[in-house]
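Take the sequence shown: its letter number 8 is residue 1469 in the numbering used here, and every next letter is one higher.
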Amino acid sequence: MLKPEVDSLIPRVPFDRRTFIKATLGTGFAACVLPVSAQTIHTDSDGLEAGEISIKSGDTQVPAYRAQPKGKKHLPVILVVHEIFGVHEHIADVCRRFAKQGYLAIAPNLYVRQGDPTRFQSMQQLNDELVSKVPDSQVLADLDATFKWAGEHGGDVSKVGINGFCWGGRITWLYAEHNPRLKAAVAWYGRVAGDQTPETPANPIDRVSDLQVPVLGLYGRQDQSIPQDSLEQMKQAIAQGPQAGRGSRFVVYDDAGHAFFADYRPSYRQADAEDGWKRALEWFREHGVK
1462 MLKPEVDSLI
1472 PRVPFDRRTF
1482 IKATLGTGFA
1492 ACVLPVSAQT
1502 IHTDSDGLEA
1512 GEISIKSGDT
1522 QVPAYRAQPK
1532 GKKHLPVILV
1542 VHEIFGVHEH
1552 IADVCRRFAK
1562 QGYLAIAPNL
1572 YVRQGDPTRF
1582 QSMQQLNDEL
1592 VSKVPDSQVL
1602 ADLDATFKWA
1612 GEHGGDVSKV
1622 GINGFCWGGR
1632 ITWLYAEHNP
1642 RLKAAVAWYG
1652 RVAGDQTPET
1662 PANPIDRVSD
1672 LQVPVLGLYG
1682 RQDQSIPQDS
1692 LEQMKQAIAQ
1702 GPQAGRGSRF
1712 VVYDDAGHAF
1722 FADYRPSYRQ
1732 ADAEDGWKRA
1742 LEWFREHGVK
């Protein structure tokens, strides 16, 4: 697989290891991933408006982390879909990274009705007691509400992309199939096939016929949670689907596993993460999200 040499595109400053779980959205980390790595990236908010906002979705006020260039309007928009761990410090940092590139970036808390992912001590407990209870239909509706909020608060809804990681990578595929108003999507190690449940009745591969948005899929060949044959099946399904979706691409990093972009975890692979970030920015620019 390509291993291009790229300059670091992400600023680095020392991270305080004593920062753990906090009440404010976009700060701290989930208990089941502590301690965080010393390599954890922190992007400052200089020149940005950044912090928590509230988005009305149905009868619920959904908290979200928002970052954007200060004093700017008519901004291109990136919806940032959080990992299994929710909207924690890493996801807020990703929003600030996009904002530094000129975007209005918004990460809604898509677990708000089901609970707080920071309190669980193990991945199994987090999945069983919270994540498995989150309906896809609820998530897509909350993203629709976030899309609408962006258009009412300085965003240009003719220039909207979506970017998601892990759990959010799967959701990114589903939202690209759900909302044809998107311009482009980037799914980082998001599952495309798997078990179906009442809350997750279909996977991305089941809805390829609805894909009207080009998706860039970024994956690790060593990721044991996402079989390579499922990606091959997805590629074949896309090739037979709508014309717009056929512009999708997959990049597989040979030595990377799951969560290779997650700089706060041991799974982080700097070269692959930086290359993926560069490709994501280029993908959005190429497809009019700029």
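Beta carbons: idealized from backbone N, C-alpha and C, even for Gly.
Query raised in the report: Within 10 angstroms of its Cβ, does A1579 collect 16 or more other Cβ (buried), or is it exposed?
Result: With the sequence shown as reference, residue 1579 is identified as Thr, and Ala is not the correct amino acid for it. Looking at its Cβ environment, which holds 16 or more other Cβ atoms inside 10 Å, T1579 is buried.
Query - Exposure of R1473, with buried meaning 16 or more beta-carbon neighbours within 10 Å - result: Its pLDDT being 42, under 50, R1473 is placed unreliably by the model, and the measurement read from it follows with that caveat. R1473 comes out exposed.
Report task. Give the DSSP bridge partners of G1576, in chain order. Result -> BP columns for G1576 are empty, so no partner.
Report task. Determine the direct distance from the alpha carbon of L1679 to that of V1713, and round the result to whole angstroms. Result -> 6 Å
Query raised in the report: Can the beta-carbon of Q1683 be found less than 9 Å from the beta-carbon of D1736?
Result: no
Report task. Using a threshold of 9 Å, state whether the C-beta atoms of D1724 and S1498 are closer than that. Result -> yes
Query raised in the report: Would DSSP call G1625 helix, strand or coil?
Result: In this structure, G1625 counts as strand in the three-state DSSP scheme.
Query raised in the report: How big is the Cα-Cα spacing for K1517 and N1640?
Result: 19 Å
Query raised in the report: Can you tell me whether DSSP reads R1652 as helix, strand or coil?
Result: coil
Query raised in the report: Helix, strand or coil: which one does DSSP assign to D1715?
Result: coil
Query raised in the report: How far does the beta strand (DSSP E) with V1517 in it reach, from first residue to last?
Result: Before going further, note that residue 1517 is Lys rather than Val in the sequence given. Note, K1517: beta strand (DSSP E), L1509 to S1518.
Requested in this report: Could you check if E1638 is buried or exposed, using at least 16 other CB atoms within 10 Å of its CB as the buried criterion?
Outcome: buried
Query raised in the report: Taking the continuous beta strand (DSSP E) assigned at A1566, which residues delimit it?
Result: L1565 to P1569
Query raised in the report: What do you reckon, are the CB atoms on L1692 and F1711 nearer than 9 Å?
Result: yes
Query raised in the report: Does the beta-carbon distance from K1751 to K1620 come in below 9 Å?
Result: yes
Query raised in the report: If you run the structure through DSSP and keep just helix, strand and coil, what is I1666?
Result: Residue state, collapsed to three classes: helix.
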